[in-house]
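These protein sequences, in sequence, are chains A and B.
The opening residue of the first sequence carries number 1 in full-length UniProt numbering; numbering runs sequentially from there.
The opening residue of the second sequence carries number 1 in full-length UniProt numbering; numbering runs sequentially from there.
Beta carbons are placed, not taken as given, at the ideal position from N, Cα and C, and that holds for glycine.
To start, the structure under review is shown below, and the notes come after it.
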Amino acid sequence: MSMYPSHFAEPVIQKDSQAASRNELAHIPIKAATNDSSDSIFFGVLQNKLVKYITKKGNRSLANELLTETFEIIKRTQIERYNLSKSDREKIIIDAEKLLINAIENSRPLLQLSAIKRGGVKYQVPIPLTEKKSYFLAMKWLLDAAREKDRKVKLPEKLAWEILDAACGQGRVIKKKDDLHRQCESNRAYAHYRWS
Amino acid sequence: MKMFRKQFVHLSRVSTHLQRNAIAPCIASPAAEMSTNVAPAAADTSSAATNEFRTGVTNPGEHSELHVAKFYTIPVEEKKQIFSGGGLPKQYEQQIKTFTEACLMVRSPALELLQYIKNADLTNPAVRYVLYGDNGVGKTLTMAHVLHYGALNEFLLVHVPWAPNWMKRPKEAANSASQEGFIDLPFDAAAWLVHFKTQNAKLLGKLQLKTSKEYVWSKRESTPAGAPLMELVEHGIARIKYASETTAALLAELKQLASARQCKIMVAIDGFNAFFHPITRIFSDNKQRVTPERITLTQPFLDITNYDWTNGVCVLSVDKIAMTEGYMASYMPRYLLGKDGFEHLDPFVPVHVGNYTDKEFLSYINYYLDRHWISRAQPGFEEQLKFMSNMNPYTLMQLVRGL
Numbered sequence: 001m002s003m004y005p006s007h008f009a010e011p012v013i014q015k016d017s018q019a020a021s022r023n024e025l026a027h028i029p030i031k032a033a034t035n036d037s038s039d040s041i042f043f044g045v046l047q048n049k050l051v052k053y054i055t056k057k058g059n060r061s062l063a064n065e066l067l068t069e070t071f072e073i074i075k076r077t078q079i080e081r082y083n084l085s086k087s088d089r090e091k092i093i094i095d096a097e098k099l100l101i102n103a104i105e106n107s108r109p110l111l112q113l114s115a116i117k118r119g120g121v122k123y124q125v126p127i128p129l130t131e132k133k134s135y136f137l138a139m140k141w142l143l144d145a146a147r148e149k150d151r152k153v154k155l156p157e158k159l160a161w162e163i164l165d166a167a168c169g170q171g172r173v174i175k176k177k178d179d180l181h182r183q184c185e186s187n188r189a190y191a192h193y194r195w196s
Numbered sequence: 001m002k003m004f005r006k007q008f009v010h011l012s013r014v015s016t017h018l019q020r021n022a023i024a025p026c027i028a029s030p031a032a033e034m035s036t037n038v039a040p041a042a043a044d045t046s047s048a049a050t051n052e053f054r055t056g057v058t059n060p061g062e063h064s065e066l067h068v069a070k071f072y073t074i075p076v077e078e079k080k081q082i083f084s085g086g087g088l089p090k091q092y093e094q095q096i097k098t099f100t101e102a103c104l105m106v107r108s109p110a111l112e113l114l115q116y117i118k119n120a121d122l123t124n125p126a127v128r129y130v131l132y133g134d135n136g137v138g139k140t141l142t143m144a145h146v147l148h149y150g151a152l153n154e155f156l157l158v159h160v161p162w163a164p165n166w167m168k169r170p171k172e173a174a175n176s177a178s179q180e181g182f183i184d185l186p187f188d189a190a191a192w193l194v195h196f197k198t199q200n201a202k203l204l205g206k207l208q209l210k211t212s213k214e215y216v217w218s219k220r221e222s223t224p225a226g227a228p229l230m231e232l233v234e235h236g237i238a239r240i241k242y243a244s245e246t247t248a249a250l251l252a253e254l255k256q257l258a259s260a261r262q263c264k265i266m267v268a269i270d271g272f273n274a275f276f277h278p279i280t281r282i283f284s285d286n287k288q289r290v291t292p293e294r295i296t297l298t299q300p301f302l303d304i305t306n307y308d309w310t311n312g313v314c315v316l317s318v319d320k321i322a323m324t325e326g327y328m329a330s331y332m333p334r335y336l337l338g339k340d341g342f343e344h345l346d347p348f349v350p351v352h353v354g355n356y357t358d359k360e361f362l363s364y365i366n367y368y369l370d371r372h373w374i375s376r377a378q379p380g381f382e383e384q385l386k387f388m389s390n391m392n393p394y395t396l397m398q399l400v401r402g403l
């Protein structure tokens, strides 16, 4: 639900790209920019979204701090690997944001199972996911995996490991996604219950 | 929704899945993940010596205006000798470990201080230099630079890495046996003796310093006159109960020996104003907080920062965070030391440590880029960092963490 009518355009936040869309948007009403978006080097769209998911009880600044710490740990481990490896150094990604994006892209599911009642029996029917929902699930799984930890381990530490694992296509989150896909595959016979 | 599309407009769902296999080998296998020891980046450092933000001169005595805003590397053994018991901030240690080299930037306050020390006439009473400045401007690292100079130039180092630790979080507090109503910090004193030993073991072996009088610790234990100074230190470490007294004896001996021109001493105390804080967090027997002067460690360190001896220099730093809440309004020495402390140190040479200059700031950014610590270098990021950090070293370090 948006408070704006559908013909309102999304605001362009990056200053550099504002000039390009100026003519296009000249006579179109534009939505107000949200107060958490900014044109700074610290802003990333996906990063911002993840901070919102980490937040508990509205303590956004703590969530921000946690993600920053996560990035720090990722960078430290990756730089350590960079220094250890003698060959193919160029292949090691040190940029934490890039790794986060890779991790989320890798753990995005395509299908989901939903219970649909046909003839008095509930069937687990595979249904395709929207893009938004798949991003949500990927980030939620990453966080769930990170929160399932020993009490002595800090969240940034565990989240960093999960992100690094998922970025190279391993780990619990990827396994969870593959499991879901496998179940959808085995229930493909019910797929037509979605519409009939 | 649209936000995401903007970012991944070129990535269709299928291509993402194809990409996964391409990404996989980019990251080392999880077996390597757990290793914590870092091999030195040999290939980098050899070529890096020629960078415009680095200097090959590793002897702080040779640093001059030419080397301002350049990084010099502290050799591993020297770092181990001087800083293994503290002396570098924890986060800086972490950075050193990640970057696989101990680099310090040559900054003007340190150069100013080194200039004074080099030109000082050591036959005159010890000169007190007081480093002061706002939070996170590099007082401790300036002191580290000077300490490195001292270690290389045969100064005996009397270095307290962070004095407030004694007042704020001592390991153990016990009633003093020798002085009525005083409090001993046996473990902290022993830890300091160990620190003193690691810093000066080589030099003490060479100088062959002897004690001037006999010290009787108990009925059976005593250190005879003419025993090597190392024996005194060893005694304090072995018999933790007497560590505080040993420290006092050691400092008194050192003062005498320096005045007798047998050695020269560099006193470096970080957070010196903690000795003049109104209260500590240590409780006496009657559940009252004691004042710093009731701690047996305080007096010897105040004595060695006095001007009644020669052949030494005192580098002290006053710090806001050495105080507790309610006493942190200003970073000026007069405020932090209070009346007593100021009169104790007067006259001293104040050395102001400030934020980075433009040149130092850019040099630091270059260093971070060289070490891959800033991996997202968007156009104009220096400007933003400069604006946000106000060129304060610590704030910059914090900001750059997530980049």
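For Gln81 of chain B and Thr198 of chain B, I'd like the C-alpha separation in whole angstroms. Position 81 of the second sequence, counted from the start, is the residue given in the question as residue 81 of chain B. Position 198 of the second sequence, counted from the start, is the residue given in the question as residue 198 of chain B. Distance between the alpha carbons of Gln81 of chain B and Thr198 of chain B: 6 Å.
With 7 Å as the C-beta to C-beta threshold (strictly closer), list the residues of the segment 120 to 137 of chain A near chain B in chain order. Answer set for the segment 120 to 137 of chain A: Glu131, Lys132 and Tyr135.
By how many angstroms is the C-alpha of Ala249 of chain B removed from the C-alpha of Ile304 of chain B? Within the second sequence, numbered from 1, the residue matching residue 304 of chain B stands at position 304. Within the second sequence, numbered from 1, the residue matching residue 249 of chain B stands at position 249. Spanning the two alpha carbons is a distance of roughly 11 Å.
Asn64 of chain A, DSSP secondary structure in three states: The count along the first sequence starts at 1 and reaches residue 64 of chain A at position 64. In this structure, Asn64 of chain A counts as helix in the three-state DSSP scheme.
Nearest to Pro161 of chain B by alpha carbon, out of B:Val137, B:Leu152, B:Ala189 and B:Glu172? Residue mapping note: residue 161 of chain B aligns to position 161 of the second sequence, counting from 1. Just measuring C-alpha positions, the residue of B:Val137, B:Leu152, B:Ala189 and B:Glu172 sitting nearest Pro161 of chain B is B:Ala189.
What three-state label does DSSP hand Ser47 of chain B in the structure shown? By one-based count along the second sequence, residue 47 of chain B stands at place 47. For Ser47 of chain B, the predicted structure reports a pLDDT of 42, less than 50, and the residue's modelled location is therefore unreliable. A value from the coordinates is still provided. DSSP places Ser47 of chain B in helix when its eight states are reduced to three.
To which residues does DSSP link Phe265 of chain B through a beta bridge? In the second sequence, the residue the question calls residue 265 of chain B occupies position 265. Checking the displayed sequence, the identity of residue 265 of chain B turns out to be Ile instead of Phe. When beta bridges are read from the DSSP output, Ile265 of chain B appears opposite B:Leu156 and B:Gly312.
Kindly list the residues whose CB is nearer than 8 Å to the CB of Lys213 of chain B, restricted to its own chain and excluding five residues on each side of it in sequence; keep chain order. Within the second sequence, the letter at position 213 stands for residue 213 of chain B. Excluding sequence neighbours, Lys213 of chain B sits near Ala225.
In three-state DSSP terms, what is Leu131 of chain B? Against the second sequence, residue 131 of chain B aligns to sequence position 131. The three-state secondary structure of Leu131 of chain B, taken from DSSP, is strand.
May I have a chain-ordered list of the alpha helix (DSSP H) segments no shorter than 4 residues that lie completely inside the segment 61 to 124 of chain B? If we require 4 residues or more, the alpha helix (DSSP H) runs fully inside the segment 61 to 124 of chain B come out as 76 to 83, 90 to 99 and 108 to 119.
Establish whether the CB of Phe8 of chain A and some CB of chain B are separated by less than 8 Å. The count along the first sequence starts at 1 and reaches residue 8 of chain A at position 8. With 8 Å as the cut-off, Phe8 of chain A does not count as an interface residue toward chain B.
Comparing the C-beta of Gly136 of chain B with each C-beta of chain A, is any distance below 8 Å? In the second sequence, residue 136 of chain B corresponds to position 136, counting from 1. Chain A, which has no Cβ nearer than 8 Å to the Cβ of Gly136 of chain B, makes this no.
Segment limits, beta strand (DSSP E) that includes Pro350 of chain B: Position 350 of the second sequence, counted from the start, is the residue given in the question as residue 350 of chain B. For Pro350 of chain B, the uninterrupted beta strand (DSSP E) run begins and ends at Val349 to His352, by DSSP.
What does DSSP give as the partner residues of Ile183 of chain B in its beta bridges? Along the second sequence, one-based indexing puts residue 183 of chain B at 183. In the DSSP output, where bridge partners are listed per residue, Ile183 of chain B has B:Asn175 and B:Ile295.
Across the segment 128 to 142 of chain A and the segment 99 to 117 of chain A, are there enough close Cβ pairs to call them in contact, namely three or more that are closer than 8 Å? Yes, they touch.
According to DSSP, simplified to helix, strand and coil, what is Val121 of chain A? Translated into the one-based positions of the first sequence, residue 121 of chain A becomes position 121. For Val121 of chain A, the three-state secondary structure derived from DSSP is strand.
Pick from B:Ser64, B:Ile74 and B:Glu245 that is closest to Ser176 of chain B, judged by C-alpha positions: Locating residue 176 of chain B in the second sequence gives position 176, where the first residue counts as 1. It is B:Glu245.
Run the CB neighbour count on Ile73 of chain A, radius 10 Å, all protein chains shown included, and call it buried at 16 or more, exposed below. Counted from its first residue, the first sequence places residue 73 of chain A at position 73. Around the beta-carbon of Ile73 of chain A, 16 or more other beta-carbon atoms lie within 10 Å, marking it buried.
Going by beta-carbon coordinates alone, are Asp346 of chain B and Ser317 of chain B separated by less than 8 Å? For the purposes of this step, residue 346 of chain B is identified with residue 346 of the second sequence, where counting begins at 1. For the purposes of this step, residue 317 of chain B is identified with residue 317 of the second sequence, where counting begins at 1. No. Outside cutoff.
Excluding the 5 residues flanking Phe155 of chain B on each side, which residues of the same chain have their C-beta closer than 7 Å to its C-beta? In the second sequence, residue 155 of chain B corresponds to position 155, counting from 1. So the qualifying residues of the chain are Lys264, Ile265 and Met266.
Bounding residues of the alpha helix (DSSP H) (the contiguous stretch that carries Thr395 of chain B): Here residue 395 of chain B is taken as the residue at index 395 of the second sequence, counted from 1. Start and end: Pro393 to Val400.
Cα separation between Phe272 of chain B and Gly150 of chain B? If you number the second sequence from 1, residue 272 of chain B lands on position 272. If you number the second sequence from 1, residue 150 of chain B lands on position 150. Using only the alpha carbons, I get a separation of about 19 Å.
Take the Cβ of Gly133 of chain B as the centre, count every other Cβ of all protein chains shown within 10 Å, and call the residue buried at 16 or more, exposed below. As a position in the second sequence, residue 133 of chain B is number 133, starting the count at 1. Gly133 of chain B counts as buried, since at least 16 other C-beta atoms from the protein chains shown sit within 10 angstroms of its C-beta.
Give a yes or no on whether the C-beta atoms belonging to Pro164 of chain B and Ala329 of chain B are separated by under 8 Å. Here residue 164 of chain B refers to the residue found at position 164 when the second sequence is read from its first residue. Here residue 329 of chain B refers to the residue found at position 329 when the second sequence is read from its first residue. No, the Cβ-Cβ distance between Pro164 of chain B and Ala329 of chain B is not below 8 Å.
Does Ser315 of chain B pass the burial test, meaning 16 or more other C-beta atoms within 10 Å, or should it be called exposed? The residue labelled residue 315 of chain B in the question sits at position 315 within the second sequence. Looking at the sequence shown, residue 315 of chain B is not Ser but Val. Under this definition Val315 of chain B is a buried residue.
If I follow the unbroken alpha helix (DSSP H) through Pro22 of chain A, where does it start and stop? Within the first sequence, the letter at position 22 stands for residue 22 of chain A. Residue 22 of chain A is actually Arg in this sequence, not Pro. Counting along the chain, Arg22 of chain A sits inside the alpha helix (DSSP H) bounded by residues Arg22 to Leu25.
Within chain A, partners of Arg54 of chain B - CB distance below 7 Å: In the second sequence, residue 54 of chain B corresponds to position 54, counting from 1. Simply none; closest approach about 18 Å.
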